[in-house]
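Asks:
Number of protein chains: 2
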Amino acid sequence: MSTIAAANLRVDGDRLWETIMETAEIGGTPKGGICRLTLTDLDRQVRHWFADACVAAGCTVTVDEVGNMFARRPGKDPSLPPIAMGSHLDTQPTGGKYDGVIGVLAGLEVLRTLNDSGYETNAPLEVVNWTNEEGSRFAPAMLASGVFAGVFPPSYAYERTDRDGKNFLDELERIGFRGEKKAGDHKFGAFFELHIEQGPILEAEQKTIGIVTGVQGMRWYEVTVTGTDSHAGSTPMRLRRDALLGASRMVEAVHRIGWAHAPDAVATVGLIESRPNSRNVIPGEVFFTIDMRHPDDAVLARMEEDLDRALPEIAAALQLDHKVERVWDSPAVKFDAACIDAVRQAAAAENAPAREIVSGAGHDAAYIARVAPTSMIFVPCEKGLSHNELEKAEPEHVIAGANVLLRAVLQMDAQHARE
Amino acid sequence: MSTIAAANLRVDGDRLWETIMETAEIGGTPKGGICRLTLTDLDRQVRHWFADACVAAGCTVTVDEVGNMFARRPGKDPSLPPIAMGSHLDTQPTGGKYDGVIGVLAGLEVLRTLNDSGYETNAPLEVVNWTNEEGSRFAPAMLASGVFAGVFPPSYAYERTDRDGKNFLDELERIGFRGEKKAGDHKFGAFFELHIEQGPILEAEQKTIGIVTGVQGMRWYEVTVTGTDSHAGSTPMRLRRDALLGASRMVEAVHRIGWAHAPDAVATVGLIESRPNSRNVIPGEVFFTIDMRHPDDAVLARMEEDLDRALPEIAAALQLDHKVERVWDSPAVKFDAACIDAVRQAAAAENAPAREIVSGAGHDAAYIARVAPTSMIFVPCEKGLSHNELEKAEPEHVIAGANVLLRAVLQMDAQHARE
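Top to bottom, those sequences are chains A and B.
The working numbering puts the first residue of the first sequence at 7, with every later residue one more than the last.
The working numbering puts the first residue of the second sequence at 7, with every later residue one more than the last.
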């Protein structure tokens, strides 16, 4: 009976969309995006909004030691591990309205939909808001889902500092979201994350749903190039040790490495800081970051070899010193066959044009896959534009994604009945 | 008789050095530098110290409407225009002990030396402390010598504001140095400025004295490169518009332009800012500055033509937009032949290893040269390091420079006797 009911269930699309637009005002920017960095006052505000909404939906909300929030809706059998849905409510400095947000709010909408129909699941359901997915304030990204999955100890997260020297723990306590609960202390029966693709593929092929089979491997590096800061007017070209010139050649080299392993490889310098950064002083020190990704860890390793060859040559040619540190290594991830199949069947049942896809971006689901059967659902975003205030997703796509999430969750739950 | 006396005159090196070290305590920093921004309480303190010292040396001290200070020692013929010496007592936020300071205090030492020997010049002598040479609090640099030379009206100087929004006039009045005297109302017979080289050339060639024949032309530009900020993980290389890649190629191009016109040309990108400057976002906008200099304005113009060719090609190849604005143009300055010759002969008479040199940096003398016969005397500074608390000059070099200043001034004065 519940399966029949399940087949007829649909989320309330208008309610979901209004909820997305309502929370988008917390940290909303003039350009229509969101600037809601993790562990800021705006993050505190959206966290309180989320907790209140979940309690209103009949959930118990708990917070773990790194600020991850879990909203639990009971099932028939409390002994079953919860089936979880979620993503993150923090954003990039110039973030859009959808990245992360729709994964949390669609989870909330699923619970509201089940409440409306009085549908009772076998297993408890949980909606999760993971802390600091973006990593733009505290590197690395997906920090707190990483702690949950045992990738990092909590102490590692606590010690991360932002560019102002403020650390994660102080900021977590400041906003009042350091919970009692030990991270990762409870297991999920399954985890589903709905997310915008953040790439151009689904839109280009006019697909509504991406059945995500895995996440590409990623490595982050920090590079410091050191020369000599001296007067721009009175230091002849031949006597210069210009750290910015060296960094510029390294940016070019990183770009070449990306192309050398295209089309699947990407390589990016996203952040750069020059010191003393004065118009008439030759830069004496430049700090920059490198982000390299590929679906195949072996290729990613070759890209790192290319980098290890290129940078010393550039530095030596300009008599510069340099330091390269790999600060993050996230191996390629393959998602759970049963979860992938649940998404595939849900998309089919929705008659949604779908294709399998490997995520180019990192997601909390990539870490959760280490400790629970996991998959993701992608929906298109305009021109693949993301981490951008102009990020745009169509309501019908987001709503279709939420319905696929609902069906996938109920199908996983139905298996318990069959077991 | 006075020329014989002149040949025997030497400054009191110990007294000069002690004076430099005494004033260095006003705004002295733990690292051994000076932070004495113009029109601050510390500037007021050093200005009172200077006025008192000059009065004690028998001078009349006057202040003009933009705070320039003139300490006058009478000569035999009051009708002759004064022969002036000087520089500035203000410093960079992380300034050293010598930049500007030695030019003023060596002038004071010259007067003290003449007093000790009872030497009477034909023309009056003046020691000048120019206001706001550094420009680090109120841009542009060399502001008040520019007013004296008629480059800027006093009102322009008055309206300059610092980062706290305080304006030049209010601060000038606050420290009590807005004088009655109209800027530029009296002419100089000649002007000599002793200064550290702020470059590595004299040290590299083991020269004690730089005979400064002029100041190179300088042009400043501001460039904004615009692409599309998008996700570093899910945006294929072929679909990127990476503003930082474009800026990096432009940094390389600026460097090439400097080399193309070497050894006299310099071209520098000193300041760069990337937006949104996040590790996993492709930079959508990069702002940077260009500083190009050459002793010959015609060559500088060709360097600008090279720039106007290079940047659009780079932007077009990456489908980036860009904007270039020339924000400052300071023509090359050729100093007065007689003044240069006076310095050359003075260096020879001192048996000081010397070479002709074109100043790479801007100085008050560059503006004064527009209204009076002018030259400069350079002494080496360690590793060419300047605008830095570690700026270092050897006592024997500074003292030799002061003796060259003394001889050059007396030689110019002697010409009056011959006339």
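Glycine included, each C-beta is placed from N, C-alpha and C at the ideal position.
1. Just checking: is the beta-carbon of A:Trp265 within a distance shorter than 8 angstroms of some beta-carbon in chain B?
2. Excluding five sequence neighbours on each side, which residues of the same chain lie with their C-beta closer than 6 angstroms to the C-beta of B:Cys65?
3. Would you say the stretch 55 to 73 of chain B touches the stretch 174 to 188 of chain B, given that touching needs at least three Cβ pairs under 8 angstroms?
4. Name, in chain order, the residues that DSSP records as bridge partners for B:Ile296.
5. Are the beta-carbon atoms belonging to A:Arg93 and A:Ile374 less than 8 angstroms from one another?
6. In chain order, what residues of the same chain have a beta carbon less than 6 angstroms from the beta carbon of B:Ala259, not counting five sequence neighbours either side?
7. Assign A:Val17 to one of three DSSP states: helix, strand, or coil.
8. Give a yes or no on whether 8 angstroms exceeds the smallest Cβ distance from A:Ser254 to chain B.
9. Compute the Euclidean distance between the alpha carbons of A:Val110 and B:Lys329, then round it to the nearest angstrom.
10. Are the C-beta atoms of A:Asp302 and some chain B residue less than 8 angstroms apart?
11. Interface residues of chain B around A:Gln212 at Cβ under 8 angstroms?
12. Would B:Lys103 be called buried (16 or more neighbouring beta carbons within 10 Å of its own) or exposed?
13. On the three-state DSSP scale, how would you describe A:Gly390?
14. Mapping the DSSP letters down to three states, classify A:Gln421 as helix, strand or coil.
15. How far does the beta strand (DSSP E) with A:Ala30 in it extend, from its first residue to its last?
16. Using CA coordinates, which residue listed in A:Pro337, A:Val272, A:Phe384 is at the minimum distance from A:Glu203?
17. What residues from the stretch 233 to 251 of chain B come within 8 angstroms of chain A, judged by C-beta to C-beta, listed N to C?
18. Compute the Euclidean distance between the alpha carbons of B:Asn121 and B:Leu15, then round it to the nearest angstrom.
19. Using alpha carbons as the reference points, say which of A:Pro36, A:Lys172, A:Gly264 lies closest to A:Thr46.
20. Taking A:Glu203 as the query, report the chain B residues whose CB atoms sit under 9 angstroms from its CB, ordered along the chain.
21. Which residues in the same chain have their Cβ closer than 6 angstroms to the Cβ of B:Ala273, if we skip the five residues on either side of it in sequence?
22. Is there at least one Cβ from chain A nearer than 8 angstroms to B:Thr295's Cβ?
23. Since B:Phe197 and B:Ala371 should fall inside the 8 angstroms C-beta cutoff, what is the C-beta to C-beta distance between them, to a whole number of angstroms?
24. Under DSSP, the alpha helix (DSSP H) around A:His267 begins and ends at which residues?
25. Do you know offhand how far A:Gln98's Cα is from A:Thr29's?
26. Is the beta carbon of A:Leu326 closer than 8 angstroms to that of A:Ala249?
27. Please confirm whether B:Gly81 and B:Glu126 have their CB atoms less than 8 angstroms apart.
28. Do we get a CB-CB distance below 8 angstroms when we pair A:Leu277 with the residues of chain B?
29. Which value, in whole angstroms, describes the spacing of the CA atoms of B:Ile10 and B:Phe293?
30. Just to confirm before moving on: does the CB-CB distance between B:Arg244 and A:Ala268 stay below 8 angstroms?
31. Please return the same chain residues whose Cβ sits closer than 7 angstroms to the Cβ of B:Leu251, not counting the five positions on each side in sequence.
32. Do three or more CB pairs link the stretch 348 to 366 of chain B to the stretch 216 to 224 of chain B at distances below 8 angstroms?
33. Just the Cα atoms here: how many angstroms apart are B:Gly140 and B:Asp347?
34. Using a Cβ-Cβ cut-off of 8 angstroms, state whether A:Ala268 counts as contacting chain B.
35. According to DSSP, simplified to helix, strand and coil, what is A:Gln407?
36. In chain B, which residues lie less than 8 angstroms from A:Gly19 when you measure between Cβ atoms?
Replies: For this structure:
1. yes
2. Ala77, Arg78, Arg79
3. yes
4. B:Tyr227
5. Looking at the sequence itself, residue 93 of chain A is Ser, so the reference to Arg does not match. The answer is no: Cβ separation not under 8 angstroms.
6. Ala316
7. coil
8. yes
9. 41 angstroms
10. no
11. The contacting residues do not exist; A:Gln212 stays about 17 angstroms from chain B at best.
12. buried
13. helix
14. helix
15. Run containing A:Ala30: none; DSSP gives neither H nor E here.
16. A:Phe384
17. Thr234, Asp235, Ser236, His237, Ala238, Gly239, Ser240, Thr241, Pro242, Met243, Arg244, Leu245, Asp248, Leu250, Leu251
18. 11 angstroms
19. A:Lys172
20. Ser240
21. Val260, Ile263, Gly264, Met298
22. yes
23. 6 angstroms
24. Taken as a continuous stretch (DSSP letters only), A:His267 belongs to no alpha helix (DSSP H), as it is neither H nor E.
25. 15 angstroms
26. yes
27. yes
28. yes
29. Note that B:Ile10 scores a pLDDT of 49, beneath 50, so its modelled location is shaky; the value from the coordinates is reported in the next line. Those two C-alpha atoms are separated by around 60 angstroms.
30. yes
31. Leu324
32. yes
33. The question names Gly, yet the displayed sequence has Glu at residue 140 of chain B. B:Glu140 and B:Asp347: Cα-Cα distance of roughly 28 angstroms.
34. yes
35. Sequence check: residue 407 of chain A is Gly here, not Gln. Three-state DSSP puts A:Gly407 in a helix.
36. Correct list: empty, because the minimum Cβ distance to chain B is about 26 angstroms.
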